[in-house]
Amino acid sequence: MTVTWNPPDFVSAYLEALNRCFPDWGGQAMYDWCFTRDAGAGSADLMILHDDQARLIAGSAVTYRLLQTAEGRPFKAGIMTGSWTFPEARGQGCFTRIIQASVEACVRREAAVLLAFVTETNPSYRRLAAAGSVLVPSWYVVSTHETPVVEAPPLPQWRGRPSPPPPPADAVHFVYPDLAAWQSQFLDRPHPTRCLGSLDAWAVIEESETSDRIETDSILLAPLLARAQSHQRQLFFYTTRPDRRDEGAALGLKPLPGFLTVLPAHAGRCTEIGGDLSSLGPWDVHTGDRM
């Protein structure tokens, strides 16, 4: 198969393919937010794959982000984003080739590692593990119809735009080089966002069609759950922190296990952050960090 990077005039075909493989993935606004926006490390690289008969069969993107180790060493990472394979082309090694090409892109862009976010039920994580990825446990925590109803006072809504919270101590975390980059990541998202709470405790939620997604780390799970339930909506958040997983479970939310996979890419840049990726940890990653 043949890999082509950043093909010109391919946006509409790429969007069509994404929505064919993932119904209702989104339109031009979602495409621009995911692939043309710069969160501080440059815009994305897109690839398409053709088979030996020049038929389009798969595609993916690598978005680039800045992170910092627990010891304070900065590094760049690529993230596998929006990978798709047409049903008729599955089982032909497309995803393995996408991993290889994504690593090659990271090397060109001097990104130390290639990251991916996968659930435990997604067989993709086994391919990433076989390629040499470190598997960082993560959880997709969601409310269900079995979640007990919570009573809590309503949260006030901020009328202004918040500033980023202090970075976590002693954990690998995403870095935003300026206020505009942080706001583009957490506030100016494809769906409407709200900042709820007060100066002492607040959270940004993104309101998709059916769920409230907690984009930032938050201690306000109970009132956020009560708010979502009062609007007959699902509450969702992603975390790499076991304590946040446990707090959600204590309220009756369901933690769905997954992995943040960390694959070495640029050898020189990996050496700069210690070389042994399994010792980077713990990681502090939230819903809004992922895309």
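To get our numbering, take the position in the sequence shown, counting from 1, and add 194. Backbone N, C-alpha and C fix where the C-beta goes; we use that ideal spot for every residue, glycine too.
In the DSSP assignment, T465 falls outside any beta strand (DSSP E) and lies within the alpha helix (DSSP H) extending over 461-466. Linking M485 to P347 through their CA atoms gives a straight-line distance of about 31 angstroms. Here W199 is exposed: its Cβ has fewer than 16 other Cβ atoms, across all protein chains shown, within 10 Å.
Taking A255 as reference, the option from A310, A363, C389, S473 with the minimal CA-CA separation is A310.
A residue is called buried once 16 or more other Cβ atoms fall within 10 Å of its Cβ, and A305 is buried on that count. With the rule of 3 Cβ pairs closer than 8 angstroms, the region 351-367 does not count as touching the region 229-241.
Between H385 and S412 the beta-carbon gap is near 18 angstroms, outside 8 angstroms, which marks them as no contact. Three or more pairs of CB atoms, one per stretch, sit closer than 8 angstroms, so the region 329-341 contacts the region 443-462. Secondary structure note for L240: its beta strand (DSSP E) is the uninterrupted segment 239-244. The region 407-485 contains, as complete beta strand (DSSP E) runs of 3+ residues, the segments 428-433, 448-458 (chain order). From the listed residues P317, A295, L393, G446, the smallest Cα separation to L415 is found for G446. DSSP places F368 within a strand segment (E or B) once states are collapsed to three. By the CB criterion at 7 angstroms, R267 and I408 fall outside the cutoff.
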